[in-house]
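**Student:** Could you have a look at this structure, given as C-alpha cells, before my questions?
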Amino acid sequence: MSESNPTVNAKQTRTALANRSGATKSPQLILGIILTGFVVAITIISFFWTPYDPVGIDVESRLTPPNLSHWFGTDRLGRDLFSQIMVGSQNTLYVALVSTGVGLLLGTSLGLAAAGSGQRWGAVFTRISDIGIALPSILIALVLATTLGPGRLSVIVAISFWFVPVTARVVVGPARQILALDFVEAAMTHGRSRLYIVFRQVVPNIGPIVIVQTSMMFAAAILIEASLSFLGVGAQPPTTSWGKIMMDSQPLVQQAPYYSLLPGAFIVITVLGFNLIGDGLAVLLDPQQSKKGVV
Amino acid sequence: MFRVFIKSFALMVVSALSGSVVIFILLRSVGGDIATVMLGTKATPEALASLRESFGLNRSWFEQYGSWISGVFSGNLGEAYSKQYVISTEIVQRLEPTLILTFGSLFISIPVALAIGVYSAMNFQRWRGAAVDGIAQVGLAIPQFFLALVLVIVFAVHFGWLPATGYVSIFTEPGTAIRSMVLPIATLSLGITAVFTRFVRTSMIEQMNEDYMRTAKAKGYTVRSAAIIHGLRNAAIPLVTTGALQIGALIAGSVVVENVFTLPGIGRLLLTSALTREAITVQSLSLVILIIILSMNLFMDLLYGILDPRIRHKESRK
C-alpha cells in the first residue's frame, strides 16, 4: 500500500494541500463550532430573556411533560425547565472559563519555566506534575468542600488545581524542543533577553498546542462542574447549573424521565462541541498528524 | 527489575508522604475552624474549647500531623467526629464495592477498547473507522451521572431487568451482588472505554505504518494477523501510560456512580463526610485514595517494563 507510483503520490499531496486551505478539511471543527455556538448563544440570550421566569414557582403545573407552552416541560416546583437550563448554562460556562483561564495562565508559565531550567529541576518538575495529574479534581473538590464549604469557589479551585499540572506537562515538551532550535541560539548570541525569547519565539510556536489544549480543558471543566453540582458540592441555591437541575431530577426519574434527559443532553452537546473543536484544530494545525489519521 | 521496583517503591512512599502534607494543610489552612463548623457560630467559647480539646485540635499542627501519620502506619486512624464509627474499620469495610466497581470496569473496558480500537485502526480511512471514532467521541462527552440515569430509566424502570439501587456483599449472595453491579460497572466503563479506544486507535494506526508490519506481511501474515500479533503489543505500551492516568478518573467516577446507585463504597463515604464536614475522615480517606492511585501507577510502571523489553534493559543498566 505504501509502494505506490510517485506521480500519484505527488498528486495526492497536491490535492491534500488544496483541500487544507480552509476548514473544509475538518468537518469535526465545523460541527464543534455549530454545537458550542448554539450553547453560547443560549447563554448570552439568557442574560436578557428567558421564555418564563426561571425561578417562577407554579406548583399547580409541576412535572408537566414537554408541550407547546413549556417546550421542555416543568420541574418539581413547576418552574419552566427550558428557562432553567438557559440560566443554568451561565454558571457552567463561568466555572469553565475561570478555571481554564487560571489553569492555562499558571500551567503555561510553569511549563515554560520548567522547559528553561536544567535537567535536574526538569525531572523534579515531571514527578510533581505527574502526581498532580493523577489526582482527580473531584477528590480535591471534596477536600476543599470539607473546609471551604460546597460551592462555586471550591469547584473552580479544584478544577484549576488539576489544570495547572496538565497544561504545564503539555507545554514543557514542545517548549524544550523549540529552545533547542538554532533561531533561539541565534537570539541568545545577539544578546536578546530571556523574556524576548520566551514571548517572541517560544510562545508563538507552542500556541497551536495550547489552543487545542484550551478547548479540551473547557470540555473537561464542564463535565467536572456538572458532576460536582450533581453531587451537591457545586452550585448552591439560588444559583442553578445543569448538574444541579439533574440532582433535583434524580429522585423523580421514574415519573419524569424528560426532567433528567433534557439537561443531560445539553451537557453532552456542550462537551462534545468543545472536544470536537479541539480535535478539529489539532488536525488543522498539524497536517502531518492528520495525514496519518492521528487525531 | 528488582532494583527498578525498589526505586519506584521508594518514590511512591515519598510521593504519598508529600501528598499527605498537602492534604493536611489543605484541610486546615483554607477553611474555618472545624469546631465552629460543627457546633455552629452561636456555640459558646467553652463548648468550642472542649470540643477542640477532645479532638486534639488545640495541639500544634506539627503534633497533629505527627499523630495522624503514626496512626496511618499503625492502622489507628481514630474515630469520626460524630463518634458513629471507627475510621479504619469503616474504610476497610467500604473497600469491597469500590474495588469491584473500579476493577470490574477496567477488566471490561481494556479488552473491549483493544478490540474496537484495532478494528477502527484497520479501517481508518473508511467510514467504519470514522464511525467508531465518532461514537467514542460521544462516549467521552456523556457525564457518568447522566449515563447512570439513562441506564436506570431503560433497564430498571422501563424493562425492570436490573435493580437501580441496593448492594449486597459478593460473599453472601453472589448472584444478587453481580446483578446489582451490572449497571454501575457499565456506567463507569463507558468513559474509560472511549478514552482507551481512541488511544488504541491512534497508536495502532502509527504501528500499521512501521517497517516490521511490512516485514510481517511479506512473511505471509494477513493484515489482521500482523496487526494482532505484532502491532497490538507495541500499541499496548502507550495504553499502559494512559491507563495509569485513568486510575484517578476511575476513582473520581466511582464517587459519582456509588452515589447514583447508592453503593456503600469509599466514594460515597468521601462525599457524605465532605458534606457533613467530617474533616478527620476526609483526611484519612483522601490519603487512602492517593495511595491506591500511586500504587496503581507503580504497578503500571512495572507492567511497562514487562511489555517493552527496551525500557526494562535501559532502566536496569542505570
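These protein sequence lines are chains A and B, in that order. Mapping of the first sequence onto the working numbering: position 39 corresponds to residue 596, and the numbering continues sequentially without gaps. Mapping of the second sequence onto the working numbering: position 75 corresponds to residue 290, and the numbering continues sequentially without gaps. C-beta: ideal position from N, C-alpha, C; glycine also.
1. Give the residues of chain B in contact with GLY821(A), contact being defined as C-beta atoms less than 9 angstroms apart.
2. Closer than 9 angstroms by beta-carbon distance: list the chain D residues that pair up with GLN352(B), in chain order.
3. In chain order, what residues of the same chain lie with their CB nearer than 8 angstroms to the CB of THR600(A), ignoring the 5 residues before and after it?
4. Does the distance from the C-beta atom of SER694(A) to that of ILE716(A) stay below 7 angstroms?
5. Could you have a look at GLU294(B) and say whether DSSP puts it in helix, strand or coil?
6. Quick check: what's the CA-CA separation for ASP523(B) versus ALA451(B)?
7. Apply the 10 Å Cβ neighbour rule to TYR174(B) and answer buried if 16 or more other Cβ atoms are within range, or exposed otherwise.
8. What residues in its chain sit with their C-beta under 6 angstroms from that of THR796(A), if we drop five residues either side in the sequence?
9. Taking the alpha carbon of VAL228(B) as the point to measure from, which residue in LEU518(B), ILE521(B), LEU505(B) has its own alpha carbon closest?
10. Would ILE834(A) and GLY589(A) be called neighbours here (beta carbons separated by less than 7 angstroms)?
11. Start and end of the alpha helix (DSSP H) containing VAL383(B)?
12. Could you tell me whether the Cβ atoms of VAL471(B) and GLN299(B) are closer together than 7 angstroms?
13. Does the separation of the CB atoms of SER618(A) and THR631(A) fall below 7 angstroms?
14. Residues bridged to ASP687(A) by DSSP?
15. Give me the chain B residues within the contact set of LEU780(A), using Cβ-Cβ distance strictly less than 7 angstroms, ordered along the chain.
16. Where DSSP assigns a beta bridge to ASP904(A), which residues make up the other side?
17. Could you name the residues of chain A that ALA464(B) contacts, counting a contact when the two beta carbons are closer than 7 angstroms?
18. Using a Cβ-Cβ cut-off of less than 8 angstroms, list which residues of the stretch 763-789 of chain A approach chain B; keep chain order.
19. Using the three-state DSSP reduction, which class does VAL367(B) fall into: helix, strand or coil?
20. Start and end of the alpha helix (DSSP H) containing LEU701(A)?
21. From the beta carbon of LEU241(B), is the nearest beta carbon of chain A less than 7 angstroms away?
22. Within its chain, find whatever has a CB closer than 7 angstroms to the CB of SER686(A); leave out the 5 residues flanking it on each side and keep chain order.
23. Could one say the Cβ of ARG343(B) lies closer than 7 angstroms to chain A's Cβ atoms, at least one of them?
24. Give the range of the alpha helix (DSSP H) segment to which GLU421(B) is assigned.
25. Closest Cβ-Cβ distance between SER847(A) and chain B: below 7 angstroms?
26. Beta carbon of ILE302(B), beta carbon of LEU292(B): below 7 angstroms?
27. Who are the Cβ neighbours of LEU362(B) in its own chain at under 7 angstroms, not counting the five residues just before and after it?
28. For VAL616(A), count neighbouring C-beta atoms within 10 Å of its own C-beta (all shown protein chains included) and say buried if the count is 16 or more, exposed if not.
29. Quick check on THR317(B): buried or exposed, where buried means 16 or more other Cβ atoms within 10 Å of its Cβ?
30. Can you check whether the C-beta of ILE590(A) is within less than 7 angstroms of a C-beta belonging to chain B?
31. Mind checking the stretch 440-473 of chain B against chain A and listing, in chain order, the residues whose C-beta falls within less than 8 angstroms of any C-beta there?
32. Could you check whether TYR280(B) and PHE239(B) sit closer than 7 angstroms to each other, using their CB atoms as the reference points?
33. Output needed for THR408(B): all residues of its chain with C-beta closer than 6 angstroms, excluding positions within five of it in sequence on either side, in chain order.
34. Kindly give me the distance between the Cβ atoms of VAL760(A) and LEU842(A), rounded to whole angstroms, as I take these residues to be in contact under 8 angstroms.
35. Under 9 angstroms between beta-carbons, which chain A residues line up against GLY234(B)? List them in chain order, please.
36. Please name the residue or residues paired with VAL301(B) in a DSSP beta bridge.
**Tutor:** Based on what the coordinates show:
1. Against the first sequence, residue 821(A) aligns to sequence position 264. The answer, in chain order, is ILE357, PRO358, PHE360, PHE361, LEU362, LEU364, VAL365.
2. Protein chains A and B are contained in the structure displayed, whereas chain D is not.
3. Along the first sequence, read from residue 1 onward, the residue named residue 600(A) stands at position 43. Excluding sequence neighbours, THR600(A) sits near MET643, SER646, GLN647, LEU650.
4. Here residue 694(A) is taken as the residue at index 137 of the first sequence, counted from 1. Here residue 716(A) is taken as the residue at index 159 of the first sequence, counted from 1. Cβ atoms of SER694(A) and ILE716(A): closer than 7 angstroms.
5. Locating residue 294(B) in the second sequence gives position 79, counting from the first residue. GLU294(B): strand per DSSP, three-state reduction.
6. Here residue 523(B) refers to the residue found at position 308 when the second sequence is read from its first residue. Here residue 451(B) refers to the residue found at position 236 when the second sequence is read from its first residue. ASP523(B) and ALA451(B) have their alpha carbons spaced roughly 9 angstroms apart.
7. No answer is possible for residue 174(B): it lies beyond the span of chain B, which begins at 216 and ends at 533.
8. Residue mapping note: residue 796(A) aligns to position 239 of the first sequence, counting from 1. Beyond the five residues adjoining it in sequence on each side, THR796(A) comes within less than 6 angstroms, by CB distance, of ASN648 in the same chain, given in chain order.
9. Here residue 228(B) corresponds to residue number 13 of the second sequence, with the count starting at 1. Minimum Cα distance to VAL228(B) is reached at LEU505(B).
10. In the first sequence, the residue the question calls residue 834(A) occupies position 277. In the first sequence, the residue the question calls residue 589(A) occupies position 32. Yes, these two residues count as a Cβ contact at 7 angstroms.
11. The sequence position of residue 383(B) within the second sequence is 168, counting from 1. First-last for VAL383(B): undefined, no H or E at that position.
12. The sequence position of residue 471(B) within the second sequence is 256, counting from 1. The sequence position of residue 299(B) within the second sequence is 84, counting from 1. In this structure, VAL471(B) lies away from GLN299(B), with their beta-carbon atoms at least 7 angstroms apart.
13. Along the first sequence, read from residue 1 onward, the residue named residue 618(A) stands at position 61. Along the first sequence, read from residue 1 onward, the residue named residue 631(A) stands at position 74. The answer is yes: Cβ separation under 7 angstroms.
14. Counting from 1 along the first sequence, the entry for residue 687(A) is found at position 130. Paired residue(s): none; ASP687(A) is not in a bridge.
15. Position 223 of the first sequence holds residue 780(A). Residues of chain B passing the Cβ test: PRO358.
16. Because chain A is modelled from 558 through 852, residue 904(A) falls outside the range shown and cannot be assessed.
17. Numbered from 1 along the second sequence, position 249 holds the residue referred to as residue 464(B). Per Cβ cutoff of 7 angstroms: PRO693.
18. So the close ones are ALA776, LEU780, ALA783, SER784, PHE787, LEU788, GLY789.
19. One-based indexing of the second sequence puts residue 367(B) at position 152. Annotated three-state conformation of VAL367(B) is helix, per DSSP.
20. To locate residue 701(A), count along the first sequence from 1; it is residue 144. DSSP places LEU701(A) in the uninterrupted alpha helix (DSSP H) bounded by 694-705.
21. For the purposes of this step, residue 241(B) is taken as the residue at position 26 of the second sequence. Interface residue, yes.
22. The residue given as residue 686(A) occupies position 129 in the first sequence. For SER686(A), where only same-chain residues beyond five positions count, the Cβ hits under 7 angstroms are PRO722, ALA725, ARG726.
23. Within the second sequence, residue 343(B) is the residue found at index 128, counting from 1. False, the Cβ-Cβ gap to chain A never drops below 7 angstroms.
24. Here residue 421(B) is taken as the residue at index 206 of the second sequence, counted from 1. Its alpha helix (DSSP H) spans residues 389-423.
25. Within the first sequence, residue 847(A) is the residue found at index 290, counting from 1. Caution is warranted here: a pLDDT of 43 is assigned to SER847(A), below 50, making its placement in the model unreliable, and no coordinate value can be reported.
26. Within the second sequence, numbered from 1, the residue matching residue 302(B) stands at position 87. Within the second sequence, numbered from 1, the residue matching residue 292(B) stands at position 77. Closer than 7 angstroms, so yes.
27. Against the second sequence, residue 362(B) aligns to sequence position 147. THR402, LEU405, listed in sequence order.
28. Here the question's residue 616(A) lines up with position 59 in the first sequence. When all chains shown are included, VAL616(A) counts as exposed.
29. One-based indexing of the second sequence puts residue 317(B) at position 102. If you draw a 10 Å sphere on the C-beta of THR317(B), you find 16 or more other C-beta atoms in it, and that means buried.
30. For this step, residue 590(A) is matched to residue 33 along the first sequence. So, not an interface residue.
31. Look at the stretch 440-473 of chain B: the residues with a C-beta under 8 angstroms from a C-beta of chain A are ALA459, LEU460, ILE462, GLY463, ALA464, ILE466, ALA467, VAL470, VAL471.
32. The residue labelled residue 239(B) in the question sits at position 24 within the second sequence. The residue labelled residue 280(B) in the question sits at position 65 within the second sequence. Going by C-beta atoms, PHE239(B) is nearer than 7 angstroms to TYR280(B).
33. Along the second sequence, read from residue 1 onward, the residue named residue 408(B) stands at position 193. Cβ within range, chain order: SER324, VAL327, ALA328.
34. Walking along the first sequence from the start, residue 760(A) turns up at place 203. Walking along the first sequence from the start, residue 842(A) turns up at place 285. Incorrect: roughly 15 angstroms between the Cβ atoms, too far for contact.
35. Numbered from its first residue, the second sequence carries residue 234(B) at position 19. Taking a Cβ-Cβ threshold of 9 angstroms, the residues of chain A close to GLY234(B) are ILE688, LEU692, in chain order.
36. Your numbering for residue 301(B) matches position 86 in the second sequence. Per DSSP, GLU294(B).
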